[in-house]
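In full-length UniProt numbering, the protein residues as written are 1 to 216.
Glycine included, C-beta positions come from ideal geometry on N, C-alpha and C.
Values in this document were obtained by computation on a predicted structure and should not be read as measured data.
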DNA sequence: ATCCCGAGGG
DNA sequence: CCCTCTGGAT
């Protein structure tokens with residue numbers, strides 16, 4: 001990692017600038033129509049590609065578009081609908097319980113604060129930050145998923161392994177108004193270019209300020 | 001630290 | 001076969 005804070009901020013500015021150039025229109029890749037549906041899709045996205053989540057949610061949301069209907073669905077039915085996303089027993093149980101909590105305690109609406117969201121079953125900081133930022137435009141934190149963790153480490157913005165610690169370090173150097181787009185754009189870059197296994201460093205626009213030259 | 005878990009790539 | 005994919009709960 002880049003040790004000096006000012007230097008790390010400068011690096012963050014370079015990254016943000018390049019992300020804007022290359023991924024200006026980058027949005028959330030999950031399909032949804034309501035904050036509720038984004039919440040469910042994000043829970044399902046754990047250790048699973050967004051493409052597969054979108055395949056599953058098409059049918060899932062057609063049958064159960066809101067918290068009330070999903071809370072009434074048999075868990076077994078939900079298991080079958082989300083099976084191909086992996087962790088299907090946990091995910092089915094969680095989206096059912098979360099839907100019930102939303103229907104019972106929040107009139108089916110998705111809360112707009114981190115603490116309440118994180119209290120929902122199957123919802124951690126990452127999912128809560130996605131919903132707050134993407135559905136409500138509230139920059140409550142920075143979404144740190146597998147892509148954001150990997151890329152910010154390669155770019156020298158952090159050396160931590162824990163998602164919460166990575167988020168804290170990023171919040172120090174990335175301006176708040178950039179938080180929401182920052183993650184989405186990094187994720188796009190992570191998929192298209194800076195992949196985990198075989199990164200396409202040739203032709204990468206971030207190469208000129210990437211500490212990993214000749215390393216990865 | 002470990003478990004949950006399926007699909008696709010290499 | 002092994003690794004990775006928009007993690008969370010215990």
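DSSP three-state assignment for residue i, whether helix, strand or coil
i: residue 138; result: coil
i: residue 158; result: coil
i: residue 109; result: coil
i: residue 212; result: coil
i: residue 114; result: helix
i: residue 126; result: helix
i: residue 89; result: helix
i: residue 206; result: coil
Exposed unless 16 or more other CB atoms sit within 10 angstroms - verdict on residue i
i: residue 203; result: exposed
i: residue 127; result: buried
i: residue 67; result: buried
i: residue 78; result: buried
i: residue 181; result: buried
i: residue 115; result: exposed
i: residue 46; result: buried
i: residue 164; result: exposed
i: residue 6; result: exposed
i: residue 205; result: exposed
i: residue 36; result: buried
i: residue 176; result: exposed
i: residue 198; result: exposed
i: residue 122; result: buried
i: residue 74; result: exposed
i: residue 192; result: exposed
Boundaries (first-last residue) of the alpha helix (DSSP H) holding residue i
i: residue 16; result: 5–22
i: residue 236; result: Not covered by the structure: residue 236. The range shown for the chain is 1 to 216.
i: residue 42; result: 35–44
i: residue 78; result: 75–82
i: residue 184; result: 179–192
Distance cut-off 7 Å: residue i Cβ against heavy atoms of the ligand SAH
i: residue 20; result: Among the components of this structure there are no ligands whatsoever, and the ligand SAH is therefore not found.
Integer Cβ distance of residue i from residue j, believed to fall under 8 Å
i: residue 44; j: residue 38; result: Incorrect: roughly 11 Å between the Cβ atoms, too far for contact.
i: residue 174; j: residue 138; result: Between residue 138 and residue 174 the Cβ distance is about 16 Å, and since that is not below 8 Å, they are no contact.
i: residue 22; j: residue 189; result: 7 Å
i: residue 41; j: residue 32; result: 5 Å
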